[in-house]
Amino acid sequence: MSAAYATREGRGAFVRMDFNEGPPPPAPLLAADLAGALAMYPEYGPLKEAAARAWGVDPARIVPVNGADEGIFLALRLLGGGGLALPVPAFSMYRVYADQLGIPVAEAPMGPDFEVDVDALLAAPGSVVALTTPNNPTGRALPAGAVERVLAQGRTVLLDETYGAFCGQDFAPLLERWPNLVLLRTLSKAYGVPGLRCGFILASPARAGELDALRSPFNVNAAAVVLGARLLAEDRTFPDRVAGAVAARARVQDGLRAAGYATFPSDAHFFLARLEPGAAGRLAAAGILIKDYPALGEGMVRISVPGPAEAEAFEAAFLKGRP
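In full-length UniProt numbering, the protein residues as written are 1 to 323.
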């Protein structure tokens, strides 16, 4: 495993505010009878049809992948030979996969509040421009106008919508107008099932066919196919869970600001903050995991807030008794 994406064993014993996990779905939705599905190799038609109905796109545009991570790898393998233009900070696996594939990366540093510098990005060389909105680790969303400005340059735009549901963004309608757009989606975050490893690439039918030809024949397992299709078709509570996570993030962020800590703008259920050095270790000792980001500066951390329970635990461990 890449050191940039390393995690600890035994996370189940902690309040988990480190890996941007979302609020989980109702248990009955995950109690499907999987015996029949597990007795044969998976077939992806039902999953693609469920995604197509949920997102209003042609099933021919959809490629099932083993989480958005595999989508990044396949897209870079097919399209990244001319280099990758990447706003930074960014999700670590873009750099990891680019390095594995021998793809040069041109970084476009963000501004002081972690806003994407579109001019710098447009000037950065590469056949593919990678965007994530909201960004990970910053949580900041990129306005639709900025995305279309990058698309208008003509390069392939790999747009990661892993966290799009947390701010109501939906770029699927742009697929009809921009054949150079490739979208990444996943059920890991907004639907709250990261262990399912069920993701999707959305692209033009021609490009989707090229990407589909690169994936392993049974890359998404049968349980993920059955449960993923069920969640897309039947999970009526996920918008409320997403809204609850965003509200809980705002609550924690407001509490930190009131206590005198610097936090940075976010449109997702996680945010960056500057705490005292060693705060992440002290919180871990209290049973709460957050993510250290020392590369962004001393005391910089990312805090994920899946819901009110995590907000309450953080407040009790870190903010209780502070002025």
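Positions of the beta carbon are idealized from the N, C-alpha and C atoms, including for glycine.
What you are looking at is a predicted structure, and each value in this text was computed from that prediction instead of being measured.
In the DSSP assignment, G199 is bridged to V65, T186.
Rounded to whole angstroms, P125 and A13 show a C-alpha spacing of 45 Å. Taking a C-beta distance under 8 Å as the contact criterion, P28 and V220 do not qualify as a contact pair.
Here DSSP, grouped into helix, strand and coil, assigns F91 to coil.
In summary, R185 is buried, with 16 or more beta-carbon neighbours lying within 10 Å of its beta-carbon over all protein chains present. P25 is positioned such that its CB atom lies closer than 8 Å to that of V193. Here R236 carries a coil assignment [DSSP, helix/strand/coil].
The beta carbon of G80 sits closer than 6 Å to those of I103, V128, all from its chain and outside the five residues before and after it, given in chain order.
Per the coordinates, the alpha-carbon of Q153 lies some 42 Å from the alpha-carbon of Y41. Straight-line measurement puts the Cα of G82 at about 33 Å from the Cα of F271.
In summary, L187 is buried, with 16 or more beta-carbon neighbours lying within 10 Å of its beta-carbon over all protein chains present.
A residue is called buried when at least 16 other Cβ atoms come within 10 angstroms of its Cβ; D267 meets this threshold and is buried. Rounded to the nearest angstrom, the Cβ distance from A85 to A229 is 35 Å, too far for a contact under 8 Å.
For A208, the enclosing alpha helix (DSSP H) begins and ends at 205-214.
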